[in-house]
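Below is one structure, written out as structure tokens; the observations come after it.
2 protein chains.
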Amino acid sequence: MRERTATASRSTSPRGAFTVDVALLTPLGQQLGVLALRSNRPRARDAVVLPWDTPRAGEALADTAHRLLRTHIGTVPMWVEQVAAFADAKRHPSGAALSVCFAAVMPGSAVRPEGPAEWLDVDGIAALPDRQRQMVAAAQHAIRRRMDYEPIPFRLLPPHFTLSELQHIYEVLLGRRLHKASFRRALHASWLVEPTDHWRSEGRGRPAQLFRYAPRRRRGHRRGVRFDLL
Amino acid sequence: MRERTATASRSTSPRGAFTVDVALLTPLGQQLGVLALRSNRPRARDAVVLPWDTPRAGEALADTAHRLLRTHIGTVPMWVEQVAAFADAKRHPSGAALSVCFAAVMPGSAVRPEGPAEWLDVDGIAALPDRQRQMVAAAQHAIRRRMDYEPIPFRLLPPHFTLSELQHIYEVLLGRRLHKASFRRALHASWLVEPTDHWRSEGRGRPAQLFRYAPRRRRGHRRGVRFDLL
DNA sequence: TGACATAAGTTTCATGGTGTGACTAATTCG
DNA sequence: CGAATTAGTCACACCATGAAACTTATGTCA
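Residue numbers (our numbering), protein chains in the order written: chain G, 1 to 230; chain B, 1001 to 1230.
Next comes the structure, spelled out in structure tokens:
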């Protein structure tokens, strides 16, 4: 066990130091799940917390986040990015004045994480400390925004996937249904995926063709201003 | 003078504390300018720095940024937002391990700021400390992204403005030219501006009608996924 | 075997947004 | 007056979008 992980020590960091907290999101059925650590004292105020730690000497923020993820899920997800710093009066398990939140995504897995870790439904995060509740909301918001510029959903799928699986990931991340024909038309027009020779039969219904994420030459198409989101 | 402002003290903050730094951007002709403070020791390594300070006890991050802005330009701009936290080994004038960057925008003014403050061209920021150079770049990047969701350019204009002025702001912030007809067509289609009864004669050329920022009823138009930015 | 359910994938149509260049309009200056 | 300058519009080709209907390929079960 590592020292200074969230479950090992609580409220023992010196005041004034800062923490790095990780909101690791994953598809959990039709919802989003976030990785939380359950303490062995279920009656305590911090019964469930996000993974957090203080950086080691000379360690970059992102490296602290990576180390936390390696510790708790054994690997570093394909997508990890800083969301924001939080320093208001809201409670944090460390007592630190400031916490930097990192968001990460990993493929959906039916397996329950081992140890004190578990998946929490993003809509059932009332048990988290106040500051970490804000963090989960901010992480979800950041992901939805950055999806427009980064291929985050593809990081949540194996190398080969069906278009229905891809659409389902988009729907879970965005929290709304998408239209099948429009989704596929736009996807193909962007030359982001490439069909393979393999098909997957999922029981009933027509088999689905497997695709690979293989972005083609970008036509450097500077688009105009979009006012419709203001 | 306030204690602990950027020009008053250098490298005197306790190590381990963190700073709040502000990148205040403004249109400067065809370019962007950023507010910098020139020290009275021009030969020093930190000849020019962004405004920064450490938060007071119990002060929220945004409040520290607001206080800095009030100190140096006398008012709090209409748009101030956190960009990110920086904590790598790059040099910061305070010596602090971590710095939280805030971006802000204010209307272009031909007036030179008073005191030790001055406008630095965003492309001529080599004189800034390493970490603050990163901050200015990140602030510019963040603004370009958030312009799609927030009416930041309107915060850079007086209550009444011409459409040419608005387009010029967009061009300076985005760093590229826009097509006049497309810009206006999209703008009007979004019902963001409202014509007034006033016109402005700017010397030569046809007078321009003045508009007001008056966003109309949003038709809750959930748009599909955009793959063309990936 | 054949009807049905189910899921993948395509087609079609109406509508509306986009880039572009050319056009008109109103003013100042010489 | 006429040229220069800036504001504002138009027309056209093309692309993107939402929606619904349609086709294809499988499994299920009588």
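Positions of the beta carbon are idealized from the N, C-alpha and C atoms, including for glycine. In this text the structure is predicted, and so the values were computed from the model without any measurement.
Contact list for residue i against chain G, beta-carbon separation under 7 Å
i: P1151/B; result: L230
i: D1148/B; result: R226, L229
Residues that residue i contacts on chain B, provided the C-beta gap is smaller than 9 Å
i: H179/G; result: G1224
i: A103/G; result: Within chain B, no residue comes near A103/G; the closest Cβ sits about 12 Å away, beyond 9 Å.
i: A60/G; result: A1087, D1088, A1089
Contact with chain G by residue i, beta-carbon distance below 7 Å
i: V1100/B; result: yes
i: T1019/B; result: no
i: L1173/B; result: no
i: L995/B; result: With chain B running from 1001 to 1230 in the structure shown, residue 995/B is simply not present.
i: A1065/B; result: no
i: S1190/B; result: yes
i: S1164/B; result: no
i: L1161/B; result: Going by the sequence as given, residue 1161/B is Phe instead of Leu. With 7 Å as the cut-off, F1161/B does not count as an interface residue toward chain G.
i: D1053/B; result: no
i: S1182/B; result: yes
CB of residue i within 7 Å of CB of residue j, strictly
i: P93/G; j: D46/G; result: yes
i: R125/G; j: R131/G; result: Looking at the sequence itself, residue 125/G is Ile, so the reference to Arg does not match. It is not a contact, given that the beta carbons lie outside the stated cut-off.
i: R184/G; j: L156/G; result: no
i: H66/G; j: P51/G; result: no
i: A87/G; j: Q1082/B; result: no
i: L37/G; j: V20/G; result: no
i: V34/G; j: V136/G; result: yes
i: A1096/B; j: P1077/B; result: no
i: L1210/B; j: T1196/B; result: yes
i: L1032/B; j: V1193/B; result: no
i: W1191/B; j: R1216/B; result: yes
i: R91/G; j: P129/G; result: yes
Classification of residue i by the beta-carbon crowding that lies within 10 angstroms, buried from 16 upward
i: P158/G; result: exposed
i: P207/G; result: exposed
i: L229/G; result: exposed
i: P1014/B; result: For P1014/B, the pLDDT reaches just 49, beneath the cut-off of 50, and the residue's location in the model is therefore unreliable, leaving the point undetermined.
i: E114/G; result: exposed
i: H141/G; result: exposed
i: W1199/B; result: exposed
i: T1075/B; result: exposed
i: A57/G; result: exposed
i: A1139/B; result: buried
i: Y170/G; result: buried
i: H168/G; result: buried
i: G224/G; result: exposed
i: R222/G; result: exposed
Chain B within 7 Å of residue i, Cβ atoms only
i: S94/G; result: no
i: Q30/G; result: no
i: A186/G; result: yes
Residues that residue i contacts on chain B, provided the C-beta gap is smaller than 8 Å
i: P215/G; result: L1230
i: R176/G; result: R1222
Per-residue contacts from residue i into chain G (C-beta, under 9 Å)
i: Q1134/B; result: Residues of chain G passing the Cβ test: none, with the nearest at roughly 13 Å.
Per-residue contacts from residue i into chain G (C-beta, under 8 Å)
i: A1084/B; result: Q82, A84, A85
Residue i Cβ short of 6 Å to the ligand GDP heavy atom set
i: H1168/B; result: The model depicted lacks the ligand GDP and carries no ligand whatsoever.
My parser needs the alpha helix (DSSP H) runs of 4 or more residues fully inside the stretch 92-153 of chain G; what are they? 130-146
Mind pulling the alpha helix (DSSP H) runs of 4 or more residues that sit fully within the stretch 1051-1095 of chain B? 1061-1073
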